[in-house]
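S.K.: In the UniProt record's numbering, the protein residues as written are 1 to 404.
Quick reminder that beta carbons are idealized off the backbone N, C-alpha and C, glycines included.
Small disclaimer: the values here were computed from a predicted structure and weren't measured.
Okay, here's the structure, questions in a sec.
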Ligand SMILES: Nc1ncnc2c1ncn2[C@@H]1O[C@H](COP(=O)(O)OP(=O)(O)OP(=O)(O)O)[C@@H](O)[C@H]1O
Ligand SMILES: [Mg+2]
């Protein structure tokens, strides 16, 4: 039977979901693509379980209508400021007498790299291999079949606050969904929008979400750093509401209609009638002023991203450039502002749909959008895992750790 996989990108503003059937030739045929407002989340974290349960239940009912199996293998993103990367190492002695490195030696080295002192009440979300070292010779991607005495795995552990992750899984299970995988948001998004070549050269992923901005830095096809900042484009909306003394709803509409990220490109003479968006309000506001509010906040967020790049010594130094994605990048002038602030080549990340068959034009329209980067990336991530598992070696756990 063909495999059906579902992705659930639980965001602060919207839930994005894709259901796909994996055909024998590896094509992913899209059965559904859904987007709906989310509730119960703040800054990409679950804060109100009752609200979230209600919305997850509605989602589960809809999925059941698409296919009975659509709730049985759900890949979910995990996001939030609590998630932290930390480098680790695991060392083992090669077990075979002829010193040829076998799968189980690699597995043992990776397991041993997990034996670190985690932050109390944290769990390991990912343990990603960065390199293997055989008898002090490093930079080895896959040591299988090499000979040596001592095998060392250098990894990047991504740890997450256990109660938050457990609560998310429990809430999904309560409405009948089976979680097939939990993937850290920027890693999932990167899978859909950054090419292997860029990851090899050195590249940055920035997901501009409503309540958070998450980043991942890649180099030599490995994850170098990842982080979630608890500030997103929803803060831009709040700033507009305060600046114009209008409601948040009106501010969001103003942002979507007239927002632009670079103030100097907007004429001072153009103005907006506030009453158009908020009937209880009136007055002409200059579009330049609105852009100034937007630019200040976005530049601040990009400055925080630069601080993360500085923390790993890669500020302005990633030849593969930055790929910016998430709903926030649909604001006019975003790529230009990001280019200026990050001092990197910047492109807007539309999800890579080359491996997908999308028959319904409405699905295609939804998916061909930076908002869907994480949801598409989760499906691709699940496919990667499935291929490795069915590759005949029973290698799933091991290769999962090798994924960039
Ligand atoms: N055309 C547009 N112009 C400006 N902003 C936009 C546009 N379209 C969407 N947005 C912003 O993007 C937001 C949604 O982005 P997204 O779906 O990536 O957030 P999320 O995944 O729910 O949040 P998070 O990842 O922080 O949990 C909207 O709430 C809106 O503020
Ligand atoms: Mg998001």
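Give me the residue from 291, 272, 279 with the minimum Cα distance to residue 285.
M.R.: In the chain shown, residue 285 corresponds to position 285, counting from 1. For the residues 291, 272, 279, the minimum Cα distance to residue 285 belongs to 272.
S.K.: Distance check for residue 256 and residue 288, CA to CA, integer angstroms please.
M.R.: Start at 1 with the first residue of the chain shown, and residue 288 comes out as number 288. Start at 1 with the first residue of the chain shown, and residue 256 comes out as number 256. Distance between the alpha carbons of residue 288 and residue 256: 15 Å.
S.K.: Within a Cβ cutoff of 6 Å, which residues of the same chain sit near residue 67, ignoring the five residues on either side of it in sequence?
M.R.: By 1-based counting over the chain shown, the position of residue 67 is 67. Cβ within range, chain order: 4.
S.K.: Identify the continuous alpha helix (DSSP H) that holds residue 187 and give its terminal residues.
M.R.: The residue given as residue 187 occupies position 187 in the chain shown. Taken as a continuous stretch (DSSP letters only), the alpha helix (DSSP H) holding residue 187 covers 185 to 193.
S.K.: Quick check on the DSSP output: the alpha helix (DSSP H) that includes residue 164 runs from which residue to which?
M.R.: Here residue 164 corresponds to residue number 164 of the chain shown, with the count starting at 1. It spans 162 to 174 - the alpha helix (DSSP H) in which residue 164 sits, taken as one unbroken run.
S.K.: Using DSSP with H/G/I as helix, E/B as strand and the rest coil, what is residue 72?
M.R.: Residue mapping note: residue 72 aligns to position 72 of the chain shown, counting from 1. Note: residue 72 maps to coil in three-state DSSP.
S.K.: Would you call residue 394 buried or exposed, if buried means 16 or more other Cβ atoms sit within 10 Å of its Cβ?
M.R.: Counting from one through the chain shown, the residue named residue 394 turns up at place 394. Here residue 394 scores only 38 on pLDDT, less than 50, and its place in the model should not be relied on; the value that follows carries that caveat. Exposed.
S.K.: If we ignore side chains and look at the alpha-carbon of each, how far apart do residue 161 and residue 226 end up?
M.R.: Here residue 161 corresponds to residue number 161 of the chain shown, with the count starting at 1. Here residue 226 corresponds to residue number 226 of the chain shown, with the count starting at 1. Computed Cα separation, rounded: 15 Å.
S.K.: Look at the alpha carbon of residue 137 and the alpha carbon of residue 320, and state the distance between them as a whole number of angstroms.
M.R.: Against the chain shown, residue 137 aligns to sequence position 137. Against the chain shown, residue 320 aligns to sequence position 320. Looking at the two C-alpha atoms, the distance is approximately 27 Å.
S.K.: Hey, would you say the C-beta of residue 11 is under 6 Å away from at least one heavy atom of ligand 2?
M.R.: Here the question's residue 11 lines up with position 11 in the chain shown. For ligand 2, at least one heavy atom lies less than 6 Å from the Cβ of residue 11.
S.K.: Tell me the rounded alpha-carbon separation between residue 246 and residue 300.
M.R.: Reading the chain shown from its first residue, position 246 is the one you call residue 246. Reading the chain shown from its first residue, position 300 is the one you call residue 300. The alpha-carbon atoms of residue 246 and residue 300 are separated by roughly 23 Å.
S.K.: Which residues does DSSP list as the beta-bridge partners of residue 274?
M.R.: On the chain shown, residue 274 is found 274 positions in, with the first residue counted as 1. According to DSSP, which records beta bridges pairwise, residue 274 is partnered with nothing at all.
S.K.: Taking only the alpha-carbon atoms, compute the straight-line gap between residue 277 and residue 252 and give it to the nearest angstrom.
M.R.: Position 277 of the chain shown, counted from the start, is the residue given in the question as residue 277. Position 252 of the chain shown, counted from the start, is the residue given in the question as residue 252. If you take the alpha carbons of residue 277 and residue 252, they lie about 9 Å apart.
S.K.: Within 10 Å of its beta-carbon, does residue 27 have 16 or more other beta-carbons around it, so buried, or fewer, so exposed?
M.R.: Here residue 27 is taken as the residue at index 27 of the chain shown, counted from 1. Under this definition residue 27 is an exposed residue.
S.K.: Identify, in the order they occur along the chain, each residue of the same chain with its Cβ nearer than 8 Å to the Cβ of residue 39, setting aside the five sequence neighbours on each side.
M.R.: Mapped onto the chain shown, residue 39 falls at position 39. Within the same chain, residue 39 has close Cβ partners 48, 51, 52, 54, 55.
S.K.: Using a threshold of 7 Å, state whether the C-beta atoms of residue 153 and residue 234 are closer than that.
M.R.: Position 153 of the chain shown, counted from the start, is the residue given in the question as residue 153. Position 234 of the chain shown, counted from the start, is the residue given in the question as residue 234. Not closer than 7 Å, so no.
S.K.: If you count every other CB in all the chains shown that lies within 10 Å of the CB of residue 369, and 16 or more means buried, which is it?
M.R.: Your numbering for residue 369 matches position 369 in the chain shown. By the neighbour-count rule (16 or more Cβ atoms within 10 Å), residue 369 is buried.
S.K.: Inspect the beta-carbon positions of residue 128 and residue 110 and report whether they are closer than 7 Å.
M.R.: Walking along the chain shown from the start, residue 128 turns up at place 128. Walking along the chain shown from the start, residue 110 turns up at place 110. It is not a contact, given that the beta carbons lie outside the stated cut-off.
S.K.: Write down every uninterrupted run of the alpha helix (DSSP H) in the segment 328 to 373 whose length is 4 residues or greater and which is fully enclosed by it, in chain order.
M.R.: Listed in chain order, they are 334 to 342, 361 to 367.
S.K.: Taking the alpha-carbon of residue 282 as reference, which of 314, 336, 292, 244 has the nearest alpha-carbon?
M.R.: What you label residue 282 is simply residue 282 of the chain shown in a count that begins at 1. Selected option, being the one with the closest Cα: 244.
S.K.: Please state whether the Cβ-Cβ distance between residue 254 and residue 242 is less than 7 Å.
M.R.: Locating residue 254 in the chain shown gives position 254, counting from the first residue. Locating residue 242 in the chain shown gives position 242, counting from the first residue. Not a contact, by the Cβ cut-off of 7 Å.
S.K.: So for residue 260, helix, strand or coil by DSSP?
M.R.: Working through the chain shown from its first residue, we reach residue 260 at position 260. Strand.
S.K.: Shorter than 6 Å, the distance from the beta carbon of residue 330 to the closest heavy atom of ligand 1, or not?
M.R.: Within the chain shown, numbered from 1, the residue matching residue 330 stands at position 330. The answer is yes for residue 330.
S.K.: Is residue 387 buried or exposed, if buried means 16 or more other CB atoms sit within 10 Å of its CB?
M.R.: As a position in the chain shown, residue 387 is number 387, starting the count at 1. So residue 387 ends up on the exposed side.
S.K.: Once the 5 residues before and after residue 57 are set aside, which same chain residues still bring their CB inside 6 Å of it?
M.R.: The residue given as residue 57 occupies position 57 in the chain shown. Closer than 6 Å at the Cβ level, and outside the excluded window around residue 57, lie 175.
S.K.: For residue 388, does the three-state DSSP call read helix, strand or coil?
M.R.: Here residue 388 corresponds to residue number 388 of the chain shown, with the count starting at 1. Three-state DSSP puts residue 388 in a helix.
S.K.: Out of 185, 211, 142, 224, state which residue places its alpha-carbon closest to the alpha-carbon of residue 203.
M.R.: To locate residue 203, count along the chain shown from 1; it is residue 203. For the residues 185, 211, 142, 224, the minimum Cα distance to residue 203 belongs to 224.
S.K.: Mapping DSSP to helix, strand and coil, what is residue 116?
M.R.: Sequence index remark: in the chain shown, residue 116 carries index 116 (1-based). The answer is coil: DSSP assigns residue 116 none of H, G, I, E or B.
S.K.: Is DSSP giving residue 14 helix, strand or coil here?
M.R.: Sequence index remark: in the chain shown, residue 14 carries index 14 (1-based). Reduced to three states, the DSSP call for residue 14 is strand.
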